[in-house]
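Undergrad:
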Amino acid sequence: MMEQISSKKVQATISCDNDRALEVCEHYSYVNAKTKHSDIVQSIIYVKKKLESILSYEKVMGHADTKKKKKYEDLTRLEQLNFQCDIIAKHSRKTFRPAAPDEMHYDGEHLSAWIGQDKIYSEVASQVKKYFIDNLADLELCRKYSWRQADFNRIAWDCIEKSSTMLTCSTNHYISKHVTGFLPIGRNMVRRSHWREDYCPRCKSGTETSSHLLQCNHADCLETFKKSTNTLDLWLIRQKTPDKLREEIIHFLGKWKTKQSCEPNSNLTSPMQAQMKFGWIHFVEGRPVKDFEIYMDNYYKTQAMRKTGKSWLASLIHKIWTVLHRPQWDNRNAHVHNHNEESEASRNTENLQNELQDLYTSELKENLLVRDQHLMEQSMERLLEEPDAYVKAWIEEMKVAVWERDQIFSADQKMESALMRGWMVKRKRNDSEDDASESKRNKNCPVSEE
Ligand SMILES: [Zn+2]
Numbered sequence: 155m156m157e158q159i160s161s162k163k164v165q166a167t168i169s170c171d172n173d174r175a176l177e178v179c180e181h182y183s184y185v186n187a188k189t190k191h192s193d194i195v196q197s198i199i200y201v202k203k204k205l206e207s208i209l210s211y212e213k214v215m216g217h218a219d220t221k222k223k224k225k226y227e228d229l230t231r232l233e234q235l236n237f238q239c240d241i242i243a244k245h246s247r248k249t250f251r252p253a254a255p256d257e258m259h260y261d262g263e264h265l266s267a268w269i270g271q272d273k274i275y276s277e278v279a280s281q282v283k284k285y286f287i288d289n290l291a292d293l294e295l296c297r298k299y300s301w302r303q304a305d306f307n308r309i310a311w312d313c314i315e316k317s318s319t320m321l322t323c324s325t326n327h328y329i330s331k332h333v334t335g336f337l338p339i340g341r342n343m344v345r346r347s348h349w350r351e352d353y354c355p356r357c358k359s360g361t362e363t364s365s366h367l368l369q370c371n372h373a374d375c376l377e378t379f380k381k382s383t384n385t386l387d388l389w390l391i392r393q394k395t396p397d398k399l400r401e402e403i404i405h406f407l408g409k410w411k412t413k414q415s416c417e418p419n420s421n422l423t424s425p426m427q428a429q430m431k432f433g434w435i436h437f438v439e440g441r442p443v444k445d446f447e448i449y450m451d452n453y454y455k456t457q458a459m460r461k462t463g464k465s466w467l468a469s470l471i472h473k474i475w476t477v478l479h480r481p482q483w484d485n486r487n488a489h490v491h492n493h494n495e496e497s498e499a500s501r502n503t504e505n506l507q508n509e510l511q512d513l514y515t516s517e518l519k520e521n522l523l524v525r526d527q528h529l530m531e532q533s534m535e536r537l538l539e540e541p542d543a544y545v546k547a548w549i550e551e552m553k554v555a556v557w558e559r560d561q562i563f564s565a566d567q568k569m570e571s572a573l574m575r576g577w578m579v580k581r582k583r584n585d586s587e588d589d590a591s592e593s594k595r596n597k598n599c600p601v602s603e604e
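Quick note: to get this note's numbering, add 154 to the position in the sequence shown (first position is 1).
1. Using the three-state DSSP reduction, which class does Y226 fall into: helix, strand or coil?
2. Determine the burial state of E604: buried for a count of at least 16 other Cβ atoms within 10 Å of its Cβ, exposed for fewer.
3. What residue from E520, M426, D272 and E509 has the CA that sits closest to L538's CA?
4. So, I208 versus C179, is the Cβ gap smaller than 9 Å?
5. If we call anything under 9 Å between Cβ atoms a contact, is S266 one with V282?
6. Using three-state DSSP, classify C170 as helix, strand or coil.
7. Who does Y211 pair with in a DSSP beta bridge?
8. Where does Q429 land, buried or exposed, given buried means 16+ other C-beta within 10 angstroms?
9. Can you list, in chain order, the residues of its chain whose CB lies under 8 Å from that of D173, leaving out five sequence neighbours each side?
10. Determine the burial state of N236: buried for a count of at least 16 other Cβ atoms within 10 Å of its Cβ, exposed for fewer.
11. I need the residues with a C-beta less than 5 Å from some heavy atom of ligand 1; please give them in chain order.
12. Under a three-way DSSP split, which group does A187 fall into?
13. Considering only C-alpha positions, which residue in the set E417, K409 and K394 is nearest to G463?
14. Hey, quick one: how far does the alpha helix (DSSP H) through W349 stretch, first residue to last?
15. With H, G and I counted as helix, E and B as strand and the rest as coil, what does DSSP make of I339?
16. Below 8 Å, how does it come out for the segment 322–333 and the segment 347–355: are there three or more Cβ pairs, yes or no?
17. Look at the alpha carbon of Q561 and the alpha carbon of N342, and state the distance between them as a whole number of angstroms.
18. Check this for me: beta carbons of M530 and Q511, under 9 Å apart or not?
19. Would you mind sorting A547 into buried or exposed? The rule is 16 or more other CB atoms within 10 Å of its CB.
20. Less than 9 Å separating the beta-carbons of P481 and T378?
21. Indicate whether S506 and V556 have their beta-carbon atoms separated by less than 9 Å.
22. If you pair each beta-carbon of the segment 321–328 with each one of the segment 447–462, do three or more pairs fall below 8 Å?
23. Quick one: is H366 buried, meaning 16 or more other Cβ sit within 10 Å of its Cβ, or exposed?
24. For V443, which beta-bridge partners are listed by DSSP?
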């Protein structure tokens, strides 16, 4: 039908028993492939664009809407057509579907993955993760930190997993980059050829590594770290952490920050001793030992509290990332971007000064129009000391002055050359007249000067 009216300008009505399909045909220029009957709707939209005809849209009370049974003769013409279409469609489905050979029927295959010797079809992501944690993570971490399997098992992995569910997407993203060594810190930025220097953007010394992020000596880093430990201290108090353990955690964080040695000693609480033997750095990096969980669980039980050691430790790991690490990363990034703004400004100043020096030449003053000569009253050295905005205004004004001078000069030049040409022509004519009279005279007087 659409094709038949394609070359004419007529009024046509598109009728359908589906409100949504009508709405899409009328207002949309594209239909999602998941929409019902998207193929028909998309072809109507496609043909519609090429038509000059005016289309209107009408809903038909069709087979889907007729609750009250009506006789076929009582239906409107459109309703009769809708009914007939429905019968034809149902008949076609019955006729053609069973005739199709089985091998033509292809359901497709769901997402699957090979893990070792097995192919899995369901819960692929969680199974891959489990396989990695069960079979590869320990090997990788044991290799990285020279652990034995027993060392790997001492870490409170359950609590780490629980804490990861509490993180926001952006912090999660930051942590995954931090632990895998993919943060865009100085060292990586140089490796990826984005930066020329790999020094720390805050203290401007050394190579910036992810461990430097927390141990930087810049005043901002120290201040942020101080605030972080205060926040962590308050949190530990609110969690009813035993004072001794709380003080030890805060004390050793401070020691680690100032790069003092963190050695175990017999006066410490049992989880702190275990962590010190294992390595304090792992605590700072959100990998505390299970001893904290056991210790806090027992403590809460003796205090008849309903809290658990597991939730305490999971929340502590969450705090390590969000209170200790993340503010340092944000602070460091603020330095990177402020530095860029500063260097952008200094680049602008340099460009302005170069432009000023190019414009400010000694012959310029003599050539300027009288009304613009005030621009050269200040010496170039004084102008260079002025703020950027002033220099910029001076340059703009000077450019206009030079342009106006050139315009007037070229007009003068044109006039001058016209005068000159006129004079030259006249002169030539006079000369030729002079020559003629001379030769006449010469003819009259045969005796030459020779
Ligand atoms: Zn630094």
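The beta-carbon is built from N, C-alpha and C at its ideal position, and this holds for glycine as well.
TA: Judging by the given coordinates:
1. Translated into positions along the sequence shown, residue 226 becomes position 72. For Y226, the secondary structure class from DSSP, reduced to helix, strand or coil, is helix.
2. For the purposes of this step, residue 604 is taken as residue 450 along the sequence shown, with counting starting at 1. With a pLDDT of 35 at E604, under the threshold of 50, the modelled position of that residue is not reliable, and no figure is offered here.
3. Locating residue 538 in the sequence shown gives position 384, where the first residue counts as 1. Between L538 and the set E520, M426, D272 and E509, the nearest pair of CA atoms involves E509.
4. The residue labelled residue 208 in the question sits at position 54 within the sequence shown. The residue labelled residue 179 in the question sits at position 25 within the sequence shown. Taking the C-beta atoms as reference points, C179 is found no nearer than 9 Å to I208.
5. Your numbering for residue 266 matches position 112 in the sequence shown. Your numbering for residue 282 matches position 128 in the sequence shown. In this structure, V282 does not lie closer than 9 Å to S266 by Cβ.
6. If you number the sequence shown from 1, residue 170 lands on position 16. The three-state secondary structure of C170, taken from DSSP, is strand.
7. Reading the sequence shown from its first residue, position 57 is the one you call residue 211. Answer is I168.
8. In the sequence shown, the residue the question calls residue 429 occupies position 275. The residue in question, Q429, is buried, as its Cβ has 16 or more Cβ neighbours within 10 Å.
9. Within the sequence shown, residue 173 is the residue found at index 19, counting from 1. Shown here for D173: same chain residues with a beta carbon closer than 8 Å to its own, the five before and five after excluded, namely K213 in chain order.
10. Walking along the sequence shown from the start, residue 236 turns up at place 82. So N236 counts as buried.
11. Working through the chain, the matches are C354, R356, C357 and C370.
12. Here the question's residue 187 lines up with position 33 in the sequence shown. A187 sits in coil when the DSSP states are folded into three classes, being neither helix nor strand.
13. Counted from its first residue, the sequence shown places residue 463 at position 309. Nearest in C-alpha terms to G463, of all of E417, K409 and K394, is K394.
14. In the sequence shown, counting from the first residue as 1, residue 349 sits at position 195. Under the DSSP assignment, W349 falls outside any alpha helix (DSSP H); it carries neither an H nor an E label.
15. For this step, residue 339 is matched to residue 185 along the sequence shown. In the structure shown, the three-state DSSP call for I339 is coil.
16. No contact exists between the segment 322–333 and the segment 347–355.
17. Numbered from 1 along the sequence shown, position 407 holds the residue referred to as residue 561. Numbered from 1 along the sequence shown, position 188 holds the residue referred to as residue 342. Whole-angstrom Cα-Cα distance: 56 Å.
18. Locating residue 530 in the sequence shown gives position 376, counting from the first residue. Locating residue 511 in the sequence shown gives position 357, counting from the first residue. Against a cut-off of 9 Å, the Cβ pair of Q511 and M530 comes out as no contact.
19. Along the sequence shown, read from residue 1 onward, the residue named residue 547 stands at position 393. By the neighbour-count rule (16 or more Cβ atoms within 10 Å), A547 is not buried but exposed.
20. Taking the sequence shown and counting its residues from 1, the one referred to as residue 481 is at position 327. Taking the sequence shown and counting its residues from 1, the one referred to as residue 378 is at position 224. For P481 and T378, yes; Cβs fall inside 9 Å.
21. Numbered from its first residue, the sequence shown carries residue 506 at position 352. Numbered from its first residue, the sequence shown carries residue 556 at position 402. Contrary to the premise, residue 506 reads as Leu rather than Ser in this sequence. One thing to note: L506 has its Cβ no nearer than 9 Å to the Cβ of V556.
22. Result no; under three Cβ-Cβ pairs closer than 8 Å.
23. Position 212 of the sequence shown, counted from the first residue, corresponds to residue 366. By the neighbour-count rule (16 or more Cβ atoms within 10 Å), H366 is buried.
24. Locating residue 443 in the sequence shown gives position 289, counting from the first residue. V443 is bridged by DSSP to I309.
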